[in-house]
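Chains as they are written, first to last, in our numbering: chain A, 936 to 1346; chain B, 18 to 130.
What follows is a set of notes on a single structure, which appears directly below.
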Amino acid sequence: MNPLELTLGIMTAVGGFVDISELVFAAKAGSKFGYALIWVFALATLGIIIFSEMSGRVAAVAKQPVFNLMRHRLGLKLGLLTLAASIVSNLITCAAEIGGVSLILNYLTGAPYVLMAIGMTAVFVTSIWVLPFQWIERVYGLLGLFMIVFAAALVAIRPPWNQIGGGFVPQVPAGLTNKELLTFGYFTVAIISAVMFPYEVYFYSSGGIEEGWGPKDMLTNRLTSVLGMALGSLLAISILASSAQLFGPVNVDPEIPGSAALEAAIPFGKWGLILALLGMLFAVAGAAVETCMANAYSISQFFGWVWGRHKKPWEAPRFTITWIILFLLALAIVLTGVDVMMLVEFAVLFSILVLPLTYLPLLVLAGDKTYMREYANGPIAKVLGWLYFAIITGAAIAAVPLFVLTSGGNG
Amino acid sequence: MRIFLLSVLLLSACSKGPNADLQYIKQARSIAAEWALVNEQAELGKLTPTYVESLHRWLRDDLQTAISSLSEPNSPYGDQMKALLAEPPDTAAFALRARAESLKQIEDGLESA
C-alpha cells in the first residue's frame, strides 16, 4: 500500500478535527475545565472512526455515497429536510473556515482581513479547478501536518502526564455549580458535534468513490480512518492539554482562534509561532475545501447529477457550478462582517442537529447484506454503531437548550 | 416539562442587569489576561511584531463589542471595561493582570450571589 493513499484520511481528519471550531473549542475546553474533557474527544474520535470506516466501506462495496443513501432510505421529504439542514450547516462552517483562514493570514502577514478572505476564496476555487482530487487531498492534508508542532509543544512544556491520562476516564469534575455543570454539558455536546461533523463522512465517502475504491481497498479504508482520525484527535487533545497548562491558570479563555498559536510560541519562540500559524492555515484551508466540496457532493448526489473531481470541470457542469456558487455564498457571509466566532458556534449547533439523520441511513445500509454481502457490519460494528447513534441523538436533543442556557458556553 | 423548558429559555433570553452582563465581564477578564500574556511573551522576544499587533487589534475589537453589548454600561464593571479599552497596546503585563484580577473579583461576586 502506498503511504500517500492515507492522505484522504489525513485531510479529512486534520480538516475535520483541527478546523476553526476545534481550535476554539479545544483551547476553551482546556482553559475552563482542565483535562476533564479529554474523554469526550476520545469518545467522539472512536465514533467518527466507526462511521468513517463504515462510509468508506459502503462507498467501496455498494459504490454508494452517503447522500444517495439518504434519498433512498429516508424518503424524499425527510431526505430533502436533511439535505437542506446539511447545506446550511456546511455553508456556515465553510464561511467560518474562510473567515478563520483570513484571520490566520492576518496574524501572519498583517494583510487586511477582507482582502485575505477574497484572495483565499480565489485560491480555493483555482486549486479545486486545477488540481486532480488526489493532489487536492495531498496538498491540504500534508501541509496541515505542520500542526504536529502542537503535539511537540505539549511535550516541551512538560505537562502532568498522569493528569492527562486521568482525563481519558469519563468524568464530570466535582464541585461545579449548576451553571458550570450546564456549561460542561454544552462543551461535551459541542465537542461531539465538532469531532463528528457530518461533512467529514460526506467528503470521505465521496473521496473513496473519487479514488475508485473497491473491496480490495478495505485495508486502506480501515487504516485511513483509524490513523487519520487518531492523528486529528491527538492534535486536538494536544491543544486542549496545552491550554489547560498555559491558559487556565492565568484566567485566559481563548477568545480568538489565533490564541492557540501561543501554545507553540511559549516553548519554541518565533519559529514555533510561525509553524503553528502555518499548520492552522493549511488545516483550516483544508476544512474550507472539505466543507464546500462536501456540500457540492451532497447536492449533486441527492439530485442524481454527474459529480466528482476525477472528471474535468466541464464534464460535470452542475457539480462545478454548485461548488463555485457555494464558495461565493460562503464568502458573501464573511463579507457581511459577521463575527467568525459566532459562525463557529452556529456551525457546531446546526451540525449536531443533522448528525442523527446523517448517520442513520449509513448505519442501516452498512448492515444490509443485500448490498454489502460479506462486508456488512459484524456484531461489534452493529453494537457500536447503534450505541453511537443513541449518543448523538441524545446530544442533538440537548444541544439547543444547552446553547441557550449557557449563552453558547460563555454563560 | 415542555412548559418548564420554555419558561427557562424565555427567562434566560429576557434577563437584564449584572447577571445578563456576566458573560461580557468574563469575556473582558479573559481579554485582559490574554493581552497580558501576549505582551509578556512579546517582551521575551517569542512573538513576531505582526502577530502581536494583529492580536492587539482583534482583542480590542472583541472588548469593544463586549462593552457595547452590556445592558448596564454605566456600572462599576462597565467602567472597568472601558478603562481596560483605554489602555495603550503595549501596557505592561502586570498592569493588565491587575485589571483582569479586578474583573475576576466582580465576576466571582456575581456568580456567588
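Even for Gly, the Cβ is constructed at its ideal location relative to N, Cα and C.
Quick caveat, the model's predicted, so the values are computed rather than measured.
The three-state reading of DSSP puts T1061 (chain A) in helix, counting H, G and I together. Remark: C-beta atoms of V959 (chain A) and M1276 (chain A) approach each other more closely than 8 Å.
For I48 (chain B), the nearest beta carbon of chain A is closer than 8 Å to its own beta carbon.
In the three-state scheme derived from DSSP, where H, G and I count as helix and E and B as strand, F1103 (chain A) is classed as coil. With at least 16 other beta carbons inside 10 angstroms of its own, D954 (chain A) counts as buried. Here the alpha carbon of E1190 (chain A) sits roughly 22 Å from the alpha carbon of G1167 (chain A). Chain order gives no chain A residues near K99 (chain B), where near means a beta carbon separation below 8 Å; the closest approach is about 18 Å. DSSP, reduced to helix, strand and coil, places F1338 (chain A) within a helical segment of the structure shown.
If you look at D96 (chain B), you'll find it in the alpha helix (DSSP H) that goes 93-103.
Secondary structure note for T82 (chain B): its alpha helix (DSSP H) is the uninterrupted segment 66-86. Assignment of V1273 (chain A) by DSSP, reduced to helix, strand and coil, places it in the coil class.
Of all alpha-carbon atoms in A:L1016, A:N1041, A:L981, A:F986, the one lying nearest the alpha-carbon of E70 (chain B) is that of A:N1041. For E51 (chain B), the closest Cβ of chain A is nearer than 8 Å. C-alpha of A964 (chain A) to C-alpha of S1062 (chain A): approximately 34 Å in a straight line.
The residue among B:T67, B:L113, B:A112 with its C-alpha nearest the C-alpha of G1045 (chain A) is B:T67.
Per the coordinates, the alpha-carbon of E1309 (chain A) lies some 29 Å from the alpha-carbon of L1011 (chain A). Taking a C-beta distance under 8 Å as the contact criterion, F1085 (chain A) and S1173 (chain A) qualify as a contact pair. Against D38 (chain B), chain A offers no close residue; the least beta-carbon distance is about 11 Å (beta-carbon pairs closer than 8 Å). Secondary structure of M1131 (chain A) (DSSP, three-state): coil. For L1016 (chain A), the closest of A:I1234, A:G1142, A:L1116 by C-alpha to C-alpha distance is A:I1234. In the structure shown, the three-state DSSP call for I1260 (chain A) is helix. A residue is called buried when at least 16 other Cβ atoms come within 10 angstroms of its Cβ; K1114 (chain A) does not meet this threshold and is exposed. Short of 6 Å from the beta carbon of R116 (chain B), and not among the five residues preceding or following it, lie these beta carbons of its own chain, in chain order: A49, L101. Three or more Cβ pairs closer than 8 Å define a contact, and the stretch 1115-1135 of chain A meets that threshold against the stretch 1325-1341 of chain A. Using a CB distance cut-off of 8 Å, S86 (chain B) does not count as an interface residue toward chain A.
Along the stretch 1016-1097 of chain A, the alpha helix (DSSP H) occurs as fully enclosed runs of 4 or more residues at 1048-1065, 1068-1078, 1083-1091, listed in sequence order. When Cβ pairs closer than 8 Å are counted between the two stretches, the stretch 976-991 of chain A is seen not to touch the stretch 1231-1250 of chain A, the count staying below three. With contacts defined as CB atoms closer than 8 Å, I1099 (chain A) and V975 (chain A) fail to qualify as a contacting pair. At a cut-off of 8 Å between C-beta atoms, L64 (chain B) counts as an interface residue with respect to chain A. Look at V1318 (chain A) here: in three-state DSSP terms it is helix. The stretch 1175-1183 of chain A and the stretch 1024-1034 of chain A do not touch, with fewer than 3 CB-CB distances between them shorter than 8 Å. Taking F1237 (chain A) as the centre and dropping the five residues before and after it, the same chain places the C-beta of F1002, R1006, L1018 closer than 6 Å to its C-beta, in chain order.
In terms of Cα proximity to E1135 (chain A), the closest of A:G1207, A:E988, A:V1058 is A:E988. Here DSSP, grouped into helix, strand and coil, assigns Y970 (chain A) to coil. Identification of residues in the stretch 1204-1232 of chain A having a C-beta nearer than 9 Å to some C-beta of chain B yields G1204, K1205, G1207, L1208, I1209, L1212, given in sequence order. Per the coordinates, the alpha-carbon of I1332 (chain A) lies some 17 Å from the alpha-carbon of W1321 (chain A).
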